[in-house]
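Participant: The structure's right below; bear with me while I get my questions together.
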Amino acid sequence: MIYPEYELKPQFYEEFPLQWKKIFGNNNPLHVELGFGNGEFAAYYTQKHKNINYIGFELSITSIVKAQRKLKRNNATNAKLILCDARFGLREFFDTNSIEKVIMNFPVPWYKNSQAHRRIIIQDFFETLADVLIENGEFELLTDQEWYAKEAFENAKNSGCFEVFDIEKNPKREFLTRYEKKWIKFNRDIFKLVVKKIKDVKVNRLIGGVNEMPHASGKINEEKIKLLKGRVFKENNKVFVIKNIYKELDSNSHIFKVISSDGDFSQHYFLVLYQKDNENWVIKLDSESNPYRTPAVKWSVKKIMGVLQ
Ligand SMILES: C[S@@+](CC[C@H](N)C(=O)[O-])C[C@H]1O[C@@H](n2cnc3c(N)ncnc32)[C@H](O)[C@@H]1O
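So the sequence shown is residues 4 to 312, counted in my numbering.
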């Protein structure tokens, strides 16, 4: 990363939710942008609002690099960018009643029904918002898709936790994002939805507390190791698959390439299995691998040790 001071890697933190006061060195209000793209809005917003702490989520590494450049050019000191699914990050990295404003400019709408689970504004999202926003905290959505704004409107209303304002068509805007400019050029209408939190909800988080290193140990039947390649394990909301197993030359250790999911949240990582003494083996996260220690990640460690015994 070119300007690492702007990128925050929560997977290297020990404790969740994150301690934002420590991270920014002040107690300024937290404003969060979901899907910041190339960071034009982040650069504008952090200049305009010097007394807030801005946190942006993106899934694209290229976008993170471009956004870092823009923040650096402005010498912004109140911004952190995170490469992570915004739905996961909003729920897992923030405490209850901690965010003043959440902004989402021109999300990917995911038109097809088969892709609907990828939309950010699903019902669960509004429950998370009702947890992490402070009282009277706001969520602002801009989109060129009227149906998307209406779906968000309905989901926010159905949650019972928000004052939901009428959708505004072609609102007056001080700053146009890259996608906004593009859609205006294509003569598309723009829709703005604002909701204000009026009621608390407490949602379950996957990785609360101290982020312990999952590991398991015991006697195993070595013959069973090679049989695990390609196996899929499922339990409730958790799934993991062992994509590959590599044996280290000249040593009794094996690396497992694993993909796990907790609901819609997937992670790739490596586990290492090695012989500790004459009788016992240990399995744990490989030191190069740093997934969030979600229930599926912890379960994969215990389960593999279990089936090898
Ligand atoms: C259409 S672009 C809009 C970018 C920018 N906000 C703008 O208005 O110019 C949508 C952005 O959201 C990002 N994105 C999509 N799903 C996401 C998710 N679940 N979490 C974080 N970012 C996401 C994409 O990578 C993409 O950069």
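Glycine included, every Cβ here is placed at the ideal spot set by N, Cα and C.
Computed from a predicted model, the values in this text were never measured in an experiment.
If contacts are defined as beta-carbon pairs under 8 angstroms, then Asn-214 and Ile-193 qualify, I think. What distance do you get, rounded to the angstrom?
Facilitator: Not confirmed; about 41 angstroms, so no contact.
Participant: Taking Cβ to Cβ, would you say Thr-146 is nearer than 8 angstroms to Pro-110?
Facilitator: Cβ atoms of Thr-146 and Pro-110: closer than 8 angstroms.
Participant: Please determine whether the Cβ atom of Thr-180 lies at a distance below 7 angstroms from any heavy atom of ligand 1.
Facilitator: Result yes, Cβ under 7 angstroms from ligand 1.
Participant: Quick one: give me the first and last residue of the beta strand (DSSP E) that Asn-81 is part of.
Facilitator: Asn-81 -> no beta strand (DSSP E), and no H or E assigned at all.
Participant: How many angstroms separate the CA atom of Val-300 from the CA atom of Ile-67?
Facilitator: Computed Cα separation, rounded: 26 angstroms.
Participant: Comparing alpha-carbon positions, which option in Trp-186, Ile-262, Asp-127 lies nearest Ala-159?
Facilitator: The shortest Cα separation from Ala-159 among Trp-186, Ile-262, Asp-127 belongs to Asp-127.
Participant: Is it true that the CB of Val-275 sits closer than 8 angstroms to the CB of Lys-248?
Facilitator: Looking at the sequence itself, residue 248 is Ile, so the reference to Lys does not match. Taking 8 angstroms as the Cβ cut-off, Ile-248 and Val-275 do not qualify as a contacting pair.
Participant: Which one of Val-244, Phe-60, Ile-102 has the shortest CA to CA distance from Asn-108?
Facilitator: Nearest option by C-alpha distance: Phe-60.
Participant: Where does the unbroken beta strand (DSSP E) through Glu-36 begin, and where does it stop?
Facilitator: Glu-36 -> beta strand (DSSP E) spans 33–37.
Participant: CB Ile-5 to CB Arg-90, shorter than 8 angstroms?
Facilitator: Going by C-beta atoms, Ile-5 is not nearer than 8 angstroms to Arg-90.
Participant: Considering only the alpha carbon of each residue, which of Lys-246, Gly-233, Tyr-277 lies closest to Leu-252?
Facilitator: Out of Lys-246, Gly-233, Tyr-277, Tyr-277 has the C-alpha closest to the C-alpha of Leu-252.
Participant: So Cys-164 packs on Ala-133, CB below 8 angstroms; how close in whole Å?
Facilitator: Right, their Cβ atoms sit about 4 angstroms apart.
Participant: The beta strand (DSSP E) spanning Lys-199 covers which residue range?
Facilitator: Looking at the DSSP string, the run of the beta strand (DSSP E) that includes Lys-199 is 194–200.
Participant: Could you tell me which residues DSSP pairs with Phe-236 in its beta bridges?
Facilitator: DSSP output for Phe-236 lists Phe-243 as bridge partner(s).
Participant: Given this structure, state the Cα-to-Cα distance separating Phe-44 from Ile-85, to the nearest angstrom.
Facilitator: For Phe-44 and Ile-85, the distance between alpha carbons rounds to 15 angstroms.
Participant: Tell me whether His-120 sits in a helix, a strand or coil according to DSSP, three-state version.
Facilitator: Helix, per DSSP.
Participant: Go to Tyr-47, then tell me how far its alpha helix (DSSP H) extends in each direction, as first and last residue.
Facilitator: Here the alpha helix (DSSP H) through Tyr-47 covers 43–51.
Participant: Smallest Cα separation from Lys-200: which of Thr-131, Leu-74, Glu-95?
Facilitator: Comparing Cα-Cα distances from Lys-200 to each of Thr-131, Leu-74, Glu-95, the minimum goes to Thr-131.
Participant: Looking at the secondary structure, which residues open and close the beta strand (DSSP E) in which Glu-143 lies?
Facilitator: From DSSP, the beta strand (DSSP E) with Glu-143 extends over 136–146.
Participant: For Asp-192, verify whether its CB is less than 7 angstroms away from any heavy atom of ligand 1.
Facilitator: No, the Cβ of Asp-192 stays beyond 7 angstroms of every heavy atom of ligand 1.
Participant: Less than 8 angstroms between the beta carbons of Tyr-182 and Lys-83, yes or no?
Facilitator: No.
Participant: Would you call the CB atoms of Glu-141 and Val-197 closer than 8 angstroms?
Facilitator: Their beta carbons are under 8 angstroms apart, which means Glu-141 touches Val-197 by this criterion.
Participant: Would you call the CB atoms of Thr-99 and Leu-209 closer than 8 angstroms?
Facilitator: Taking 8 angstroms as the Cβ cut-off, Thr-99 and Leu-209 do not qualify as a contacting pair.
Participant: Cutting at 7 angstroms between CB atoms, please list the residues of its own chain near Leu-21, excluding the five before and the five after it.
Facilitator: Pro-13, Phe-96.
Participant: What's the gap between the Cα of Ala-70 and the Cα of Leu-288?
Facilitator: Cα to Cα, Ala-70 sits roughly 31 angstroms from Leu-288.
Participant: Measure the CB-CB distance between Ser-292 and Phe-273 and report whether it falls below 8 angstroms.
Facilitator: Yes, they are a contact pair.
Participant: Since Val-35 and Val-105 should fall inside the 8 angstroms C-beta cutoff, what is the C-beta to C-beta distance between them, to a whole number of angstroms?
Facilitator: With a Cβ gap of about 5 angstroms, Val-35 and Val-105 count as contacting.
Participant: By the three-class DSSP mapping on this structure, what secondary structure does Phe-268 have?
Facilitator: Note: Phe-268 maps to strand in three-state DSSP.
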